[in-house]
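**Q** Take 1 as the starting number for the sequence shown in full-length UniProt numbering and just add one per residue. What follows is a single structure, and I will ask about it in a moment.
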Amino acid sequence: MGECGEITAAIILFSPPHLQLPQEALRRARADLGCLQFVVGTFPGVFTQDGSALGSSACAVQLFAAPLGLAWGRSERSVAEAPFLLWDRPGASLNRYAEACSHGSFGAVGSQFSQWRGAQGRPISGSLCLQVVGPLHARSQASRGLRPLTEALPIRRQQGALLLALERYSALPLLARNIPYALRQARKLPLDRFVVVEVPEGGDAEPELLSITATDVGRSGLWLERPLHPGASVYLAVRDPEVARRDTRLALEALEAADIEARTAWISSSIGRNASFFGQRDDDLALWKERFGRLPMLGVYALGEFQPSAMGHTRLLRFSKVFTIIGKPLRSAVEG
1 MGECGEITAA
11 IILFSPPHLQ
21 LPQEALRRAR
31 ADLGCLQFVV
41 GTFPGVFTQD
51 GSALGSSACA
61 VQLFAAPLGL
71 AWGRSERSVA
81 EAPFLLWDRP
91 GASLNRYAEA
101 CSHGSFGAVG
111 SQFSQWRGAQ
121 GRPISGSLCL
131 QVVGPLHARS
141 QASRGLRPLT
151 EALPIRRQQG
161 ALLLALERYS
171 ALPLLARNIP
181 YALRQARKLP
191 LDRFVVVEVP
201 EGGDAEPELL
211 SITATDVGRS
221 GLWLERPLHP
231 GASVYLAVRD
241 PEVARRDTRL
251 ALEALEAADI
261 EARTAWISSS
271 IGRNASFFGQ
281 RDDDLALWKE
291 RFGRLPMLGV
301 YALGEFQPSA
311 MGHTRLLRFS
321 KVFTIIGKPL
331 RSAVEG
């Protein structure tokens, strides 16, 4: 990515997430490229405009050419404009380092990260946040793909991570009554398609999506990945492929109307938004190719997706796709 000049930076992505990185090959590649910034990450899956892999061995690369590149640090420009790439690990998302550098960041939750600056390389133990250097802006849109099944209800009873009752309803029968017809035909209830949406008390924080890990028929409850916070309200939702397609179309329409001339793109996808979610192919990527098929793109299937919010902060999403285009501001936007 770049108009001219020597290679200044490289992003190299590997799949699957715990792949043993080929350190000697990476050192040779860094020497051959001769670039100042060289960053490596591993994720459950990777993809480009030419293909994708999830759970199998694969490598995807993006190169930056002068006057573009990568750098540490905060930009003096508006955080709503400055492109920042943020990678983080499961369980450490938006830690203290990430919070210091992630305003306006896009990116994903992965596994292993390494970075070379000049001749020295080192693994990154926490978050990796890089600024895309150059006369560039970024715009992001998210596709959530969620269909609410119930209204938000107060938590009446839970035991640890076992949700037993919302308002006057037992949790498992409430879910059973609201299962969409298409999913009722399945031989086994696809629990991975259902989520519990926790709305914090006061409504100031972002709602959080929690997986349902198991059902408890004897106690009419739902086992969640963690206990719900006291005072929160909760509603049940389903991850719906048709809603996901609609949300993706709307997201891509908004990006087409954005006030920048796209030069490249980054896509963060939940591992739950892959081809099996839609049936036979990743329809999100198919819709992307219909509109942005000629745009160089790098993306990952990840354990969480970062998106810049309208307020300039970074929020962590789950079970979604976040599309980010990076490019020069349009002349009319600059003049305005």
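For each residue, glycine too, the CB sits at the ideal point set by N, CA and C.
Excluding the 5 residues preceding and the 5 following A152 in the sequence, name in chain order all residues of the same chain whose CB lies nearer than 6 Å to its CB.
**A** What you label residue 152 is simply residue 152 of the sequence shown in a count that begins at 1. The beta carbon of A152 lies closer than 6 Å to those of V199, S233 and Y235 in the same chain, with the five residues before and after it left out.
**Q** Assuming F14 is part of the alpha helix (DSSP H), what are its boundary residues?
**A** On the sequence shown, residue 14 is found 14 positions in, with the first residue counted as 1. Careful: F14 lies outside any alpha helix (DSSP H), inside the beta strand (DSSP E) at I7 to S15.
**Q** Take V61 and list the residues in its own chain whose beta-carbon comes closer than 6 Å to its own, dropping the five residues that flank it on each side.
**A** The count along the sequence shown starts at 1 and reaches residue 61 at position 61. Same-chain partners within the cutoff: I12.
**Q** Would the beta-carbon of I271 fall within 8 Å of that of P83?
**A** The count along the sequence shown starts at 1 and reaches residue 271 at position 271. The count along the sequence shown starts at 1 and reaches residue 83 at position 83. For I271 and P83, no; Cβs fall outside 8 Å.
**Q** Does the beta-carbon of S140 have 16 or more other beta-carbons within 10 angstroms, so that it is buried, or is it exposed?
**A** For this step, residue 140 is matched to residue 140 along the sequence shown. Under this definition S140 is a buried residue.
**Q** Quick check on E208: does DSSP put it in helix, strand or coil?
**A** Here residue 208 refers to the residue found at position 208 of the sequence shown. Looking at E208 - three-state DSSP - the assignment turns out to be strand.
**Q** How about L174 and T150: are their beta carbons less than 8 Å apart?
**A** In the sequence shown, the residue the question calls residue 174 occupies position 174. In the sequence shown, the residue the question calls residue 150 occupies position 150. Yes, these two residues count as a Cβ contact at 8 Å.
**Q** For A262, which residues in the same chain have their Cβ closer than 6 Å to its Cβ, ignoring the five residues on either side in sequence?
**A** Taking the sequence shown and counting its residues from 1, one reaches residue 262 at position 262. The residues are L295, I325 and G327.
**Q** Going by the DSSP bridge assignment, what does F194 pair with across the sheet?
**A** Within the sequence shown, numbered from 1, the residue matching residue 194 stands at position 194. In the DSSP output, where bridge partners are listed per residue, F194 has V238.
**Q** Measuring only the C-alpha atoms, how far is E6 from V195?
**A** Position 6 of the sequence shown, counted from the start, is the residue given in the question as residue 6. Position 195 of the sequence shown, counted from the start, is the residue given in the question as residue 195. Distance between the alpha carbons of E6 and V195 is about 47 Å.
**Q** Going straight from the alpha carbon of C59 to that of R30, what length do you get?
**A** Locating residue 59 in the sequence shown gives position 59, where the first residue counts as 1. Locating residue 30 in the sequence shown gives position 30, where the first residue counts as 1. Near 15 Å, if we compare the C-alpha coordinates of R30 and C59.
**Q** On the DSSP letters alone, give me the boundaries of the alpha helix (DSSP H) that W288 sits inside.
**A** Numbered from 1 along the sequence shown, position 288 holds the residue referred to as residue 288. Segment D283 to F292, the alpha helix (DSSP H) holding W288.
**Q** By alpha-carbon positions, which one of Q37, G34, G107 and S56 ends up nearest to A302?
**A** Counted from its first residue, the sequence shown places residue 302 at position 302. Nearest C-alpha to A302: G107.
**Q** Put A25 into one of helix, strand or coil per three-state DSSP.
**A** Walking along the sequence shown from the start, residue 25 turns up at place 25. Three-state result, A25: helix.
**Q** What are the start and end residues of each continuous beta strand (DSSP E) run of 3 or more residues lying completely inside the region 131 to 179, in chain order?
**A** 137 to 143, 146 to 148, 153 to 159 and 162 to 166
**Q** Give the DSSP-derived three-state secondary structure of D216 in the structure shown.
**A** To locate residue 216, count along the sequence shown from 1; it is residue 216. If DSSP states are grouped into helix, strand and coil, D216 belongs with the strands.
**Q** Which residues mark the beginning and the end of the beta strand (DSSP E) in which F277 is found?
**A** Here residue 277 refers to the residue found at position 277 when the sequence shown is read from its first residue. Premise fails: F277 lies in the alpha helix (DSSP H), A275 to F278, not in any beta strand (DSSP E).
**Q** Check the C-beta distance from L209 over to L172 and give it rounded, since I have them as a contact under 8 Å.
**A** Position 209 of the sequence shown holds residue 209. Position 172 of the sequence shown holds residue 172. Between L172 and L209 the Cβ distance is about 19 Å, and since that is not below 8 Å, they are no contact.
**Q** Are the CB atoms of S105 and P329 nearer to each other than 8 Å?
**A** Residue 105 sits at position 105 when you count from the first residue of the sequence shown. Residue 329 sits at position 329 when you count from the first residue of the sequence shown. In this structure, P329 does not lie closer than 8 Å to S105 by Cβ.
**Q** List the residues that DSSP assigns as beta-bridge partners of residue 337.
**A** Residue 337 is absent from the structure shown; the chain starts at 1 and stops at 336.
**Q** Drop a sphere of 10 angstroms on the beta-carbon of H276, count the other beta-carbons inside from all chains shown, and report buried for 16 or more, exposed for fewer.
**A** The count along the sequence shown starts at 1 and reaches residue 276 at position 276. Sequence check: residue 276 is Ser here, not His. Exposed, by the Cβ-count rule.
**Q** By Cβ distance below 6 Å, which residues in the same chain neighbour W87 in space, the five residues on each side in sequence not counted?
**A** Mapped onto the sequence shown, residue 87 falls at position 87. Excluding residues within five positions, the ones whose Cβ falls inside 6 Å are G41, G107, G110, F113 and L128.
**Q** Would you call V39 buried or exposed, if buried means 16 or more other Cβ atoms sit within 10 Å of its Cβ?
**A** Within the sequence shown, the letter at position 39 stands for residue 39. It is buried - the Cβ of V39 has at least 16 other Cβ atoms within 10 Å.
**Q** For Q37 and Q23, I'd like the C-alpha separation in whole angstroms.
**A** Taking the sequence shown and counting its residues from 1, one reaches residue 37 at position 37. Taking the sequence shown and counting its residues from 1, one reaches residue 23 at position 23. Going by the C-alpha atoms only, they are around 16 Å apart.
**Q** Would you list the one or two residues that DSSP bridges to M297?
**A** Counting from 1 along the sequence shown, the entry for residue 297 is found at position 297. M297 pairs with A265.
**Q** Can you look up E305 in the DSSP assignment and give me helix, strand or coil?
**A** Here residue 305 corresponds to residue number 305 of the sequence shown, with the count starting at 1. Residue state, collapsed to three classes: strand.
**Q** Closer than 7 Å to a non-hydrogen atom of the ligand MG - does that hold for the CB of P123?
**A** This structure lacks the ligand MG; in fact it carries no ligand of any kind.
**Q** Taking C-alpha atoms, which residue in P230, D216, S220 and R226 lies nearest to S202?
**A** As a first step, residue 202 is located in the sequence shown; it is residue number 202 there, counting from the start. Here residue 202 turns out to be Gly, not Ser, going by the sequence shown. For the residues P230, D216, S220 and R226, the minimum Cα distance to G202 belongs to P230.
**Q** Since L65 is in the beta strand (DSSP E), which residue starts that stretch and which ends it?
**A** Numbered from its first residue, the sequence shown carries residue 65 at position 65. In the sequence as displayed, the identity of residue 65 is Ala instead of Leu. Where A65 is concerned, the enclosing beta strand (DSSP E) stretches over A58 to A65.
**Q** Would you list the one or two residues that DSSP bridges to V39?
**A** In the sequence shown, counting from the first residue as 1, residue 39 sits at position 39. In the DSSP output, where bridge partners are listed per residue, V39 has I11 and Q115.
**Q** Please say whether P241 and Q158 have beta carbons closer to each other than 8 Å?
**A** The count along the sequence shown starts at 1 and reaches residue 158 at position 158. The count along the sequence shown starts at 1 and reaches residue 241 at position 241. Contact: no.
**Q** Report the residue from R245, E256, L21 and H313 whose alpha carbon sits nearest the alpha carbon of R291.
**A** The count along the sequence shown starts at 1 and reaches residue 291 at position 291. Closest option to R291, Cα to Cα, is E256.
**Q** Buried or exposed: where does Q131 fall if 16 or more other Cβ atoms within 10 Å of its Cβ makes it buried?
**A** As a position in the sequence shown, residue 131 is number 131, starting the count at 1. When all chains shown are included, Q131 counts as buried.
**Q** How many angstroms separate the CA atom of L285 from the CA atom of G299?
**A** What you label residue 285 is simply residue 285 of the sequence shown in a count that begins at 1. What you label residue 299 is simply residue 299 of the sequence shown in a count that begins at 1. The straight-line gap from Cα to Cα measures roughly 10 Å.
**Q** Nearest to residue 340 by alpha carbon, out of S269, E206 and S320?
**A** With the chain running from 1 to 336 in the structure shown, residue 340 is simply not present.
**Q** Between the Cα of S269 and those of F319, E225, S52 and S220, spot the shortest distance and give me the residue it belongs to.
**A** Reading the sequence shown from its first residue, position 269 is the one you call residue 269. Measuring from the Cα of S269, the nearest candidate turns out to be F319.
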